[in-house]
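Every position in the sequence shown, counted from 1, becomes a number in the numbering used here once 1 is added.
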Amino acid sequence: MAVIPLEGPYYEDLSVGQVLPRQPSVVIDDGMAALYQSIVGERLPMAMDPAVCAAVTGQPGRLVSAALVMHLSAGHSTTLTRRVIANLFYRDLRFVKPVFIGQSLATTVTVVALADSRPRPGRPHRGKVLVDIVTTADGEPAVTYQRAPLLPQATGEQPGHDDDLGTASPLDLSSYVELVPAHWDFAPLGPGTAWQPGTTLADPARDVVDNALALVRLTNNLAMVHRDADESLYPQRLLYGGHVVGLAQASLSRALPGMATVVGWHGCDHTGPAFEGDQLSFRHTLLDTAPAASGRIFAVQVEGFAHRTDEPEKILDWTVIAAAP
């Protein structure tokens with residue numbers, strides 16, 4: 002597959018070990034960061050103020066929101082998922098190197114496992130694909146993770162793939178400590194929080210999903226289901242799941258004072274669909290903490306809910322690792 006196919010790829014076009022065509026690399030500049038901030042409204046001091054960022058890192062520049070980095074990586078990975086039906090999970094996502102304004106991102110997507118879905122009468126065949134994704138910043142690895150999209154088939158006969166897609170490993174918070182640069186000084190971010198493991202903070206500020214297409218276009222997301230209602234299983238366009246995560250991270254930045262950045266996702270499950278215009282709420286349960294550099298890392302279970310009826314629908318279950326004083 003030498004170029005990105007306009008009509009695919011479909012499930013049966015893929016093989017284990019296959020490397021997907023790369024999308025063009027992208028430089029994250031001030032304009033892109035400002036537009037993203039206008040969509041999600043994060044409160045990340047190091048992403049908003051270069052003076053604060055320099056005080057923490059000891060170098061000039063401004064940090065890019067980890068969520069924006071991830072959106073661009075996910076957008077790059079849609080060389081695989083133009084015709085995606087759903088994304089089943091993200092697994093073991095690690096921000097191995099902070100990204101700063103002015104750096105160039107490029108992404109490689111490699112197929113590592115394929116599994117036919119169980120056939121159902123009256124439904125076209127489909128299959129699960131597990132891919133390894135590596136995004137670099139100025140040529141050095143910045144983000145690594147696995148993603149498992151569900152793709153349709155274009156032909157009638159199943160290819161017979163039955164690979165094991167694996168399972169998530171238990172959370173080992175200590176494995177994320179090294180992702181926080183040892184020289185960072187967290188003192189300029191404030192005194193920290195007294196948040197205790199096992200307790201839940203519900204963000205009282207609900208948010209409304211808007212600018213869905215703007216985020217899709219900004220991040221070079223090629224998935225048709227996010228652009229065209231006729232490609233959706235629902236009467237309207239399906240919201241890009243990362244949009245919900247972006248709003249969830251913005252909510253976490255309000256709940257966790259002085260939050261520096263996110264260093265990893267232990268797991269991310271989209272448990273229900275979301276749509277433009279949805280009103281969302283988030284609650285955050287602290288699972289554990291560990292010392293990291295001069296601050297701490299926080300393992301947080303973030304749950305997102307869509308308020309369309311009297312009974313909110315859970316649409317997100319995200320375990321994220323954040324760094325803060």
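Using N, Cα and C, we set each Cβ at its ideal position, and we do this for glycine too.
If you look at residue 52, you'll find it in the alpha helix (DSSP H) that goes 51-58.
Between residue 62 and residue 54, the C-beta spacing is below 8 Å. For residue 23, there is no enclosing beta strand (DSSP E), since its DSSP letter is neither H nor E.
With a threshold of 16 other beta carbon atoms within 10 Å, residue 13 meets it and is buried. Secondary structure note for residue 255: its alpha helix (DSSP H) is the uninterrupted segment 242-256.
In this chain, residue 267 is not harboured by any alpha helix (DSSP H); it is covered by the beta strand (DSSP E) spanning 262-270. Around the beta-carbon of residue 129, 16 or more other beta-carbon atoms lie within 10 Å, marking it buried. The continuous alpha helix (DSSP H) containing residue 77 extends over residues 67-77.
Under DSSP, residue 292 forms a beta bridge with 297.
Counting the other CB atoms within 10 Å of its CB gives residue 125 a total below 16, which places it among the exposed residues. Nearest in C-alpha terms to residue 166, of all of 221, 116, 143, 40, is 116. Classified as exposed, residue 163 has fewer than 16 neighbouring CB atoms from the shown chains inside 10 Å of its CB. Counting only the Cα atoms, residue 157 lies some 46 Å from residue 32. Annotation: the continuous beta strand (DSSP E) that includes residue 112 extends over 105-117. Of the candidates 183, 11, 284, the residue whose Cα lies closest to the Cα of residue 201 is 284. Nearest Cα to residue 210 within the set 192, 226, 190, 249: 249.
In the structure shown, residue 186 adopts coil according to DSSP, grouped into three states. Residue 39 sits in a helix when the DSSP states are folded into three classes. DSSP, reduced to helix, strand and coil, places residue 179 within a helical segment of the structure shown.
Assigned with DSSP and collapsed to three states, residue 12 falls in helix.
In this model, residue 81 and residue 11 are separated by some 9 Å (Cα to Cα). In terms of Cβ geometry, residue 65 and residue 96 do not form a close pair [threshold 8 Å]. Distance from the Cα of residue 295 is smallest, within the candidate group 276, 326, 320, for 326. Judged by DSSP secondary structure, residue 218 falls within the alpha helix (DSSP H) whose first and last residues are 213-219.
Boundaries for residue 235: no beta strand (DSSP E) harbours it, and the DSSP string shows neither H nor E there. The alpha-carbon of residue 245 is positioned some 25 Å away from that of residue 194. Look at residue 136 here: in three-state DSSP terms it is strand. Rounded to the nearest whole angstrom, the CA to CA distance from residue 322 to residue 287 is 10 Å. Going by DSSP, residue 321 is part of the beta strand (DSSP E) stretching over 314-325.
Residue 83 sits away from residue 153, with the two beta carbons spaced by 8 Å or more. Here residue 241 is near residue 222, since their CB atoms are less than 8 Å apart.
Between residue 74 and residue 134 a beta carbon distance of about 6 Å is seen, short of the 8 Å cut, so the two are scored as contacting.
In this structure residue 30 is exposed. Its beta-carbon is surrounded by fewer than 16 other beta-carbon atoms within 10 angstroms.
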